[in-house]
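Q: In our numbering, the protein residues as written are 108 to 225.
Note that the Cβ used here is the ideal one computed from N, Cα and C, for glycine as well.
Keep in mind it's a predicted model, so treat the numbers as computed, not measured.
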């Protein structure tokens, strides 16, 4: 469904501390780091939506992703309406994302599922 919030990423200076906080506040089960090289910890907030805690030196680094059926058309619409949209980037085997900003400077990203991305 286009426009549905599908993913949120929570930046953390200390991933263990952030994991303890969000697990404690909402009871989320946060998984372990994806690999020793990638401290990206996935969680679910409900049946469909989920997110991840990721390392970030920038405080207040929260990222939201909205689903789209056509990332190129949605990027064009963002730009047409006065926002900014970067080029789409592949997440191999999963889909495409594009970082954007609305007319007020708020950051958000677009997501299109596509297993052939890469």
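Can you say whether residue 137 is buried or exposed, counting buried as having 16 or more other CB atoms within 10 angstroms of its CB?
A: As a first step, residue 137 must be located in the chain shown, where it is residue number 30. Residue 137 should be labelled buried.
Q: Counting only runs that start and end within the stretch 125-185, where is the alpha helix (DSSP H) found for 4 or more residues in a row?
A: If we require 4 residues or more, the stretch 125-185 turns out to have no alpha helix (DSSP H) run fully inside it.
Q: Indicate the three-state DSSP secondary structure (helix, strand or coil) for residue 122 in the structure shown.
A: Counted from its first residue, the chain shown places residue 122 at position 15. Helix.
Q: Return helix, strand or coil for residue 116, following the three-state DSSP convention.
A: Locating residue 116 in the chain shown gives position 9, where the first residue counts as 1. Residue state, collapsed to three classes: strand.
Q: Exposed or buried, what is residue 119 when buried is set at 16 or more other beta-carbons lying within 10 Å of its beta-carbon?
A: Within the chain shown, numbered from 1, the residue matching residue 119 stands at position 12. Counting Cβ neighbours within 10 Å, residue 119 comes out buried, since at least 16 surround it.
Q: For residue 216, which option in 225, 222, 224, 204 has the closest C-alpha, if you only look at C-alpha atoms?
A: Here residue 216 refers to the residue found at position 109 when the chain shown is read from its first residue. Out of 225, 222, 224, 204, 204 has the C-alpha closest to the C-alpha of residue 216.
Q: Do you know offhand how far residue 179's Cα is from residue 195's?
A: Translated into positions along the chain shown, residue 179 becomes position 72. Translated into positions along the chain shown, residue 195 becomes position 88. Cα-Cα distance, rounded: 8 Å.
Q: Please classify residue 176 as buried or exposed, where buried requires at least 16 other C-beta atoms within 10 Å of its C-beta.
A: Residue 176 sits at position 69 when you count from the first residue of the chain shown. Answer is exposed; the Cβ neighbour count stays below 16.
Q: Less than 7 Å between C-beta atoms, sequence neighbours within five positions excluded: which residues of the same chain meet that for residue 140?
A: Sequence index remark: in the chain shown, residue 140 carries index 33 (1-based). Here the set comprises 146, 147, 148.
Q: Which residue from 159, 122, 133 puts its Cα closest to that of residue 113?
A: For this step, residue 113 is matched to residue 6 along the chain shown. Residue 113 has its Cα closest to that of 159, out of 159, 122, 133.
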